[in-house]
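Written below as structure tokens is the structure these notes are about.
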Amino acid sequence: MEQQFDYFSVTSLLVFLTFLLRLVWGWKKSSDKIKIRLPPGPSKLPIIGSLHHLIGLDVDLPYYALTDLANKYGPLMHLQLGKMSLVVASSAKMFKELMKENDLAISQRPVPYVARVLEDAGRDIAFVPYGDYWRQIRKISRMELFSVKKVQSLHYIREDQSSKLVESIRGHAGTVMNLSKAVSDYTSTVVARAAFGSGCKDQDKFIRLSLEMVAAAGAVSTLPDMFPALGFIPILSGKKAFLKSIQTEADKILDVIIDEHIQKTKSNEYDGKESDKEDIVDVLLRLEKSGELEIPITTQDIKAVIWSVFAGGTDTSSTTTLWTMSELMRNPKVMEKVQAEIREKLKGKKEIYESDIQDLHYMRAVIKEALRLRIPGPLLLPRETMEPIEVDGYVIPERTKILFNAWAVTRDPQLWENPESFIPERFIENPLDYKGTNYEFTPFGSGRRICPGMNFGIANVELPLAKLLYFFNWQLPPGMQPHELDMTAKFGVVCGRKNDLFLIPTPYNNIP
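So that you can map any letter, position 21 of the sequence shown is 141 in my numbering, and since no number is skipped, the others follow by simple counting.
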């Protein structure tokens, strides 16, 4: 019996080991198969991966460097950057395969190191993980905060602030002025009033802190995302502490603002019902109080949403307006044509309202062309695979970062005739929209993760631009020719002008 027991024990052990070896071997073959079927990309070195291939390329403007590599390795390219496995899409075809055919599988958003530094990481609109809370915050954004109806209801803020912008520019008539500062002030104030309402005593301070936050976030090293062990670098440099100090100071202001809104709700000043003049804090507090949310929102959640609105709504709109004005100054014939349309349609009006600008088709084409040629987000916010996916015959494993090089697509000569030229007429002949279904033009992204605030952002560009072009003629500083205007970009949270735009405004005289 003892020998029989030993025999069966040894036999069972051998069978188990054979099964285990086959399992491991099968896993290894499957793993190798996945590796073999990754998209092509540059060779890798131990530890650093493909980073050495970026040396000598324009790393200050990474979309340039990635476009150069894509020209060599193809529109779907794999890069190993330290511990980060990254697939870069650089064509409209790859955009469609990923953001349409595999949209659900890549609905996750990786949270970068700079966002993890902040306490609200993963609760804001941009980086909230895919799941129930994401579905809720997306619904709130699309139905309550940035719906077409809601954006239109805020017209009085844009009309008021754009009139103040015009008056401030009149004070600089005939002299060189910093248009960048004027437009940034306009956009920041519009966003602040939409978020907090009127009469917020610390509004200007919060705007200053939000702009500092965006600048500080853009300056934090991305090395910890590729090499987690290097997370100490932002600590030693003091950038992490600086970022946290800004957030702490701003949070104190937000606490006061939210408390004031709560007190207003309790009083007779506000009845808690939906109103055309609800600000963002009002909306979120109403939803919190209603008890209708599947996942209750906290004060920290409200703060995270506000930060998202400021981070995504201020720089993007002002950057778009300034790039549009820059291109118009470089292209005098286009400037003449768009001003003629505006002045003909508005027929000498002393004031302009949003209802007056609905038929300015060429101006809208000018804005779209500026977004194509000078896209504020040349690299769309990355996605992450939640499961292995097959794209163009390649297999991309789970937890791979996906980056979309929109800059490469909007300058693809196979999609755009004379892609380096500013030609708004192309959007008259082919009126693409912002909805993300035309993959050659996705300035706000596409699919489930499309920017929910795009209606708000475009509205913050159209009215002030119409007024700038209606009420003023514009000149470059003395001695400067159109082709000499500096168009150098600076990459950060958004890709704006590296240097401020200085122009000379002259009031248009044919207005009674």
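For each residue, glycine too, the CB sits at the ideal point set by N, CA and C. Bear in mind that the values here come from a model prediction, so they are computed numbers and not experimental data.
Rounded C-beta distance between Val401 and Ala315? I'm assuming under 8 Å.
-> With a Cβ gap of about 7 Å, Val401 and Ala315 count as contacting.
Measuring CA to CA, which of Tyr473, Met607, Thr505 is closest to Ala225?
-> Among Tyr473, Met607, Thr505, the Cα nearest to that of Ala225 belongs to Thr505.
Mind checking whether Val207 and Ile516 have CB atoms under 7 Å apart?
-> Yes, the pair counts as a contact, with Cβ atoms nearer than the cut-off.
Between Ile373 and His292, what straight-line distance do the alpha-carbon atoms span, to the nearest angstrom?
-> Taking the straight line from one Cα to the other gives about 33 Å.
Assign Ala314 to one of three DSSP states: helix, strand, or coil.
-> Ala314: helix per DSSP, three-state reduction.
Whole alpha helix (DSSP H) elements within the stretch 169–213, 4-residue minimum | Listed in chain order, the alpha helix (DSSP H) runs fully inside the stretch 169–213 are 182–193, counting runs of at least 4 residues.
Would the stretch 275–291 and the stretch 579–586 be scored as touching if the rule is three or more Cβ pairs under 8 Å?
-> Using a C-beta cut-off of 8 Å, the stretch 275–291 makes contact with the stretch 579–586, since at least three inter-stretch Cβ pairs fall below that distance.
Under the three-state DSSP convention, the category Phe347 falls into | In this structure, Phe347 counts as coil in the three-state DSSP scheme.
Of all the options Glu414, Arg492, Ser438, which has the alpha carbon lying nearest to the alpha carbon of Ile257?
-> The candidate whose alpha carbon is nearest that of Ile257 is Glu414.
Using alpha carbons as the reference points, say which of Asn593, Met600, Lys164, Asp606 lies closest to Thr626.
-> Per the Cα distances, Asn593.
Grab the span of the alpha helix (DSSP H) containing Tyr628 for me, first residue to last.
-> Element bounds for Tyr628: n/a, residue is neither H nor E.
Can we say the stretch 157–177 touches the stretch 193–200, given the rule of at least three CB pairs closer than 8 Å?
-> Output reads yes: the stretch 193–200 touches the stretch 157–177.
At which residue ranges does the stretch 435–470 contain complete alpha helix (DSSP H) runs of 4 or more residues, listed in the order of the chain?
-> 435–450, 452–466, all fully within the stretch 435–470.
Own chain, CB closer than 8 Å to Ala609, minus 5 neighbours either side, in chain order | Excluding positions up to five away in sequence, the list reads Leu181, Arg494, Cys615, Gly616, Arg617, Lys618.
N- and C-terminal bounds of the alpha helix (DSSP H) containing Phe352 = 352–357 is the span of the alpha helix (DSSP H), which, as asked, contains Phe352.
Run the CB neighbour count on Lys555, radius 10 Å, all protein chains shown included, and call it buried at 16 or more, exposed below.
-> When all chains shown are included, Lys555 counts as exposed.
Residue span of the alpha helix (DSSP H) that contains Tyr590, given as start and end = Note, Tyr590: alpha helix (DSSP H), 574–591.
Among the residues of its own chain, which have a CB less than 7 Å from the CB of Thr444, if the five just before and after it don't count?
-> For Thr444, the CB contacts under 7 Å within the same chain, skipping 5 residues up- and downstream, are Val486, Ile487, Ala490, Leu585 in chain order.
Nearest residue (CA-CA) to Lys325, options Tyr482, Val613, Asp305, Ala339 = The shortest CA-to-CA distance from Lys325 to any of Tyr482, Val613, Asp305, Ala339 is the one to Asp305.
Identify every run of the alpha helix (DSSP H) within the stretch 226–306, keeping only runs that are complete inside it and at least 4 residues long; order them along the chain.
-> Counting only runs of 4 or more, we get 233–237, 252–260, 268–273, 275–290.
Could you round the C-beta distance between Met219 and Gly468 to whole angstroms and report it? I think they count as a contact, below 8 Å.
-> Between Met219 and Gly468, the beta carbon gap of about 45 Å keeps them out of contact (Cβ cut-off 8 Å).
Taking Cβ positions, are Val237 and Leu331 nearer each other than 7 Å?
-> Note that the C-beta distance between Val237 and Leu331 is not below 7 Å.
Considering only residues of the same chain and omitting the five flanking positions on each side of Lys521, which have a CB-CB separation below 8 Å?
-> Closer than 8 Å at Cβ, skipping near neighbours: Met204, Ser205, Leu206, Val207, Pro230, Pro502, Arg503, Glu504.
Simplified DSSP state of Pro602, which is helix, strand or coil = Three-state result, Pro602: helix.
Asp620 versus Ile327: straight-line alpha-carbon distance, rounded | C-alpha separation (whole angstroms): 19 Å.
Identity of the residue in Leu299, Thr295, Asp399, Glu279 nearest Ile78 by Cα = This structure leaves residue 78 out entirely; the chain is present only between 121 and 632.
So what does Ile516 bridge to, in DSSP terms?
-> Ile516 pairs with Ile509.
Taking Phe347 as the reference, give the member of Pro166, Thr368, Phe247, Leu299 with the closest Cα.
-> For Phe347, the closest alpha carbon among the candidates Pro166, Thr368, Phe247, Leu299 is that of Pro166.
Relative to the alpha-carbon of Leu196, which residue among Asp223, Val334, Pro162, Leu177 has its alpha-carbon at the smallest distance?
-> Closest by alpha carbon: Pro162.
Reduced DSSP secondary structure (H/G/I, E/B, other) of Leu165 = In the three-state DSSP reduction, Leu165 falls in the strand class (E or B).
Per DSSP, which one or two residues make a beta bridge with Gly616?
-> Beta-bridge partners of Gly616 (DSSP): Lys610.
Anticipated Cβ contact below 8 Å, Leu500 with Gly565, distance rounded | Right, the Cβ-Cβ distance comes to about 5 Å (below 8 Å), so this counts as a contact.
Along the chain, where does the beta strand (DSSP E) that runs through Phe524 open and close?
-> Run containing Phe524: 521–525, per the beta strand (DSSP E) assignment.
Sufficient close CB pairs (3 or more, under 8 Å) joining the stretch 588–606 to the stretch 441–460 = Contact between the stretch 588–606 and the stretch 441–460 is present, because at least three Cβ pairs lie under 8 Å.
Taking Arg328 as part of the alpha helix (DSSP H), name the residues at either end of that continuous run.
-> It spans 323–339 - the alpha helix (DSSP H) in which Arg328 sits, taken as one unbroken run.
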